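Just below is one structure, and these are the notes that go with it.
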Amino acid sequence: MQQALEVKNLQKSYGKFEAVKNISFSVKEGEIFGLIGPNGAGKSTTLKMISTLLSIGNGSISVFEYDVAKQPDKVREIISYLPEEAGAYKNLKGRNYLKLMAALYIDDSQKQKEYVQRGEEISGLGVRLNDKISTYSKGMTRKLLLARTLMSMPKLAIMDEPTSGLDVVNALEVRNIIKEYAKKGMAVLVSSHNMLEVEYLSDSVGIIDKGIIHDIGTSIDLKKKYNANNLEEVFVKATK
Amino acid sequence: MKKFLVLLKKEIMELLTPQVIAPLLITVALFGILGNVVGREQKKADQPKTITVVNYDQTPLSNTLIDVFSKNNLKVESNTDSQLDKIISTAQVKEDTAVIVIPSGFEQSVLSLSPKQIEVYNLVHNFSLMGIKDFASIAAGIGAVNNAVSNQLIAAGNVGDPTILKMPVQANNYVVVGDKKANTSPEQVMGFIQSQTAFIPIILFIVIVFASQMIATTIAQEKENKTLETLLTTPVNRKYIVISKMAGAGIIALASSVIYMFGMKNYLNNISGGTMSQAGVGISEAVKELGLVFTPESYIYLGISLFFCILGALAISLILGAFAEDVKSVAGLTSPLMVLVAIPYFVTMFLDINTVSPVLRYVIYAIPFSHPFLAAPNLFLGNYTSVIYGIIYQAIFFVIFVLIAAKIFSTDKIVTMKLNFSKKK
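Residue numbers (our numbering), protein chains in the order written: chain E, 1 to 240; chain P, 1001 to 1425.
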């Protein structure tokens, strides 16, 4: 099976500060890969490089057959990125926002309608999609943005703290939606500092701290290796 | 009260950011320099004005006139050529302020209290406030001449019409623009042109400020509302993002400039009609005789110059907007741009660009926003070539800066760029 994402010896510096130091990992098709680590570990920088927002310092990133540095336009056609602090155009109504984003992803009007319909189902916002986004709560906006991320059925979905700021109920809903779409063959790269969430969600996990990946494996394998009850304990032991 | 002061202090500290202070300091410095420069040029403008006097009378009284002119901040050069048109052309090339013709038999006509008029050909080179001041010098000179001759007549015991005794030297004024002349006073013509051209820079300033703030704000809003990163990761060519932002703001700005041009046309038409009723047919006919009317071609050139000026401002604002982290910082970031628009506005209002020091002239020409301000008076004077060069320059400027903007958007600079004044640890 082709790797959906292959990161090799990735490095990124901001001046003298090395945010990401020589990390490597891969994500298979249909796999949910969780990148866990505390704030400032380098997760967001890694995700931004993969999603073509930031230039790569050193190393390489491939998304399926496309090199992120050399073919960013091709990569953007098959990925979808949900930033940690994403917003939506507040003057638009929810449905119109989905229509706008669908039109940016695909030219075919029939496919656009499919995307929007899928987006409406994912968001679960119902009649509230007829209202302006400025009237939405944080949870509603995040669900709309998640819908935007998944509605185009990207080959690789990249989500930075997908349940950031959400209450327990909404967070659970979001995790279930992610799992559902991964089962449909979508590769998902998720980053979070909520290790219990990642443990629940991910097939494989990468532990990152201070720009270095300390270990990679399934939750079960890592807990066994470090003799830990959960990923939080794994993290503490792996980064010692 | 204490709590109010705590809140007030917080508000002021929040507003006093480097993004606000730095542009403010730059603006103050630039205005200081501007004031200095205009002041120096104004002092230059206070130098004696050169007039050519054609003395066909060659009598003691006519020589008195020349003498009085010389003592009233006017530098007199004589010319005795018989062809007046040739004298006027020569004076125009030398950039003299006026040609004054003292007719043959002048002294005799004054002494007999039925004076012949002297002819004053006021040569218009520009429509700045300094230009208006030049003609005031001529009028003051003629006033001084009247005093001197009036005193002579009264001292000699002449009696007669007191009006003539008080004003024995009467001037028949002509205004000369290029190869056209009209029998009217320069104050009326200059006032008429000023009333029209004063409107243009104000509206231009407003349109540029409006368009620039609009586009810089859209970028800042995308950053503040966290929509920019999502947009940049969609499969949309980043050049399209740049062009769509500029086109959106440009369409609105173009609509504004078209509406402005229609409004200006109506204003000018009403002014011409109003002037006819207020000042008689005279000034309106005189202005037409002098060719100082905006033709459809003039409107097109002015419109194109304005359009490219706005596009250039949009391109720069797009780049400045990329530095903004939020909407609050946009006003501060775009203020240097406003100053670059204000400089040519003030300079062209007060000074004749062709007589300022070469350094200042080239600085003004280098600022792309100067050219629409220079265009209106140049179009009145029929200087189409300089307007066309201005349009070409603005077009090149726009292309360069839009390419820079496209480059910023196509790299991670659009995400990482910001003004950082903090000390590096």
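Beta carbons: idealized from backbone N, C-alpha and C, even for Gly.
Predicted, not measured: the structure shown is a model, and the values here were computed from it.
Starting from residue i, find everything on chain E with Cβ-Cβ shorter than 7 Å and list it in chain order.
i, result
"Thr1385 of chain P", "Result: empty, since nearest Cβ-Cβ is about 45 Å, beyond 7 Å."
"Val1236 of chain P", "Leu104"
"Asp1412 of chain P", "Leu53, Leu54 and Ser55"
"Glu1297 of chain P", "In chain order: nothing, as chain E lies at least about 42 Å away."
"Leu1232 of chain P", "Leu53"
For residue i, count neighbouring Cβ atoms within 10 angstroms of its own Cβ and tell me buried if that reaches 16, exposed if not.
i, result
"Met1013 of chain P", "exposed"
"Gln1213 of chain P", "buried"
"Gly40 of chain E", "exposed"
"Gly1160 of chain P", "exposed"
"Leu1016 of chain P", "exposed"
"Ile61 of chain E", "buried"
"Asn1378 of chain P", "buried"
"Tyr1362 of chain P", "exposed"
"Lys1223 of chain P", "buried"
Hey, quick one: how far does the beta strand (DSSP E) through residue i stretch, first residue to last?
i, result
"Gln11 of chain E", "Gln3 to Tyr14"
"Leu1360 of chain P", "Counting along the chain, Leu1360 of chain P falls outside any beta strand (DSSP E), though it belongs to the alpha helix (DSSP H) covering Pro1358 to Ala1366."
"Leu1151 of chain P", "Checking the displayed sequence, the identity of residue 1151 of chain P turns out to be Asn instead of Leu. No beta strand (DSSP E) holds Asn1151 of chain P; the alpha helix (DSSP H) holding it covers Leu1129 to Ala1155."
"Ala1121 of chain P", "As written in the sequence, residue 1121 of chain P is Tyr, which differs from the Ala given in the question. It spans Ile1118 to Leu1123 - the beta strand (DSSP E) in which Tyr1121 of chain P sits, taken as one unbroken run."
"Tyr136 of chain E", "Careful: Tyr136 of chain E lies outside any beta strand (DSSP E) and carries neither H nor E."
"Ser1078 of chain P", "Leu1074 to Ser1078"
"Met159 of chain E", "Leu156 to Asp160"
"Thr1052 of chain P", "Lys1049 to Asn1055"
"Ser1112 of chain P", "Note, Ser1112 of chain P: premise wrong, no beta strand (DSSP E); not H, not E."
"Val63 of chain E", "Asn58 to Val63"
"Leu82 of chain E", "Ile79 to Leu82"
"Lys21 of chain E", "Phe17 to Lys28"
"Lys1181 of chain P", "Lys1180 to Ala1182"
"His193 of chain E", "Segment: none, His193 of chain E is in no beta strand (DSSP E) and carries neither H nor E."
What residues of chain E sit near residue i, judged by a beta carbon separation below 8 Å?
i, result
"Val1176 of chain P", "Within 8 Å Cβ-Cβ: nothing; Val1176 of chain P doesn't reach chain E, min ~58 Å."
"Lys1226 of chain P", "Pro83, Glu85, Ala86 and Gly87"
"Val1330 of chain P", "The contacting residues do not exist; Val1330 of chain P stays about 17 Å from chain E at best."
In terms of alpha-carbon separation, which member of the options lies closest to residue i?
i, options, result
"Thr1348 of chain P", "P:Ser1329, P:Pro1336, P:Ala1375 and P:Ser1335", "P:Ala1375"
"Ile1164 of chain P", "P:Lys1010, P:Val1175, P:Asn1151 and P:Asn1173", "P:Asn1151"
"Glu1107 of chain P", "P:Lys1003, P:Thr1059 and P:Ser1357", "P:Thr1059"
"Glu114 of chain E", "E:Arg142, E:Leu150 and E:Gly42", "E:Leu150"
"Asp1085 of chain P", "P:Leu1074, P:Thr1197, P:Thr1052 and P:Val1110", "P:Thr1052"
"Leu166 of chain E", "E:Leu145, E:Asn130 and E:Glu180", "E:Leu145"
"Ile311 of chain E", "E:Ala147, E:Asn130 and E:Leu100", "Nothing in the structure corresponds to residue 311 of chain E, since chain E is present only between 1 and 240."
"Ser1392 of chain P", "P:Ser1305, P:Met1338 and P:Val1359", "Correcting the residue identity first, residue 1392 of chain P is Ile in this sequence and not Ser. Of the listed residues, the one whose Cα sits closest to Ile1392 of chain P is P:Ser1305."
"Pro38 of chain E", "E:Leu196, E:Ser80 and E:Lys90", "E:Leu196"
"Ala1313 of chain P", "P:Lys1328, P:Val1341 and P:Thr1295", "P:Val1341"
"Val1189 of chain P", "P:Val1415, P:Gly1291, P:Ala1395 and P:Asn1073", "P:Gly1291"
"Ser204 of chain E", "E:Ile36, E:Gln11 and E:Ile23", "E:Ile36"
"Ser1335 of chain P", "P:Pro1023, P:Leu1007 and P:Met1001", "P:Pro1023"
"Ala19 of chain E", "E:Pro162, E:Lys70, E:Glu84 and E:Asp209", "E:Asp209"
Grab me the residues of residue i's own chain with a C-beta within less than 8 Å of its C-beta, minus the 5 sequence neighbours each way, in chain order.
i, result
"Val1319 of chain P", "First, the amino acid is wrong: residue 1319 of chain P is Ile here, not Val. These residues qualify, in order along the chain: Phe1401, Ile1404, Ala1405 and Ile1408."
"Phe1346 of chain P", "Leu1034 and Val1038"
"Lys183 of chain E", "Gly30"
"Gly1280 of chain P", "Low confidence applies here, because Gly1280 of chain P scores a pLDDT of 47, under 50, leaving its location unreliable; read the following figure in that light. Answer for Gly1280 of chain P: no residue qualifies."
"Lys93 of chain E", "Leu129, Asn130, Asp131, Lys132 and Ile133"
Strictly below 8 Å CB to CB, what residues from chain P border residue i?
i, result
"Pro38 of chain E", "Here the premise fails: no neighbours, minimum Cβ distance about 21 Å."
"Leu77 of chain E", "According to the sequence as given, residue 77 of chain E is Glu; it is not Leu. Per Cβ cutoff of 8 Å: Pro1235."
"Asp73 of chain E", "Pro1235 and Asn1237"
"Lys90 of chain E", "Asn1225"
Near residue i, what residues of its chain come up, given a Cβ to Cβ distance below 7 Å and the 5 sequence neighbours on each side ignored?
i, result
"Glu246 of chain E", "Nothing about residue 246 of chain E can be reported from this structure: the residues present for chain E run from 1 to 240 only."
"Ser1104 of chain P", "Tyr1056 and Asp1057"
"Glu199 of chain E", "Ser219, Asn230 and Leu231"
"Ala238 of chain E", "Ile207, His214, Asp215 and Tyr226"
Give me, in chain order, the residues of the same chain whose beta-carbon lies closer than 6 Å to that of residue i; leave out the 5 immediate sequence neighbours on both sides.
i, result
"Gln1092 of chain P", "Leu1123"
"Leu1204 of chain P", "Pro1372"
Residues of chain E with a CB under 9 Å from the CB of residue i: which are they?
i, result
"Val1415 of chain P", "Lys48, Leu53 and Leu54"
Mind pulling the chain P residues with CB within less than 7 Å of residue i?
i, result
"Lys111 of chain E", "Correct list: empty, because the minimum Cβ distance to chain P is about 13 Å."
Within 8 Å of any Cβ in chain B, is that where the Cβ of residue i sits?
i, result
"Glu1229 of chain P", "Looking for chain B here will not work: the only protein chains present are E and P."
How far does the alpha helix (DSSP H) with residue i in it extend, from its first residue to its last?
i, result
"Ala1171 of chain P", "Note, Ala1171 of chain P: premise wrong, no alpha helix (DSSP H); beta strand (DSSP E) at Ala1171 to Val1177."
"Lys1002 of chain P", "Lys1002 to Leu1015"
"Leu1333 of chain P", "Val1330 to Phe1350"
"Lys1407 of chain P", "Tyr1384 to Ser1410"
"Val1099 of chain P", "That residue, Val1099 of chain P, is in no alpha helix (DSSP H); its beta strand (DSSP E) goes Ala1098 to Ile1102."
"Phe1308 of chain P", "Pro1296 to Phe1323"
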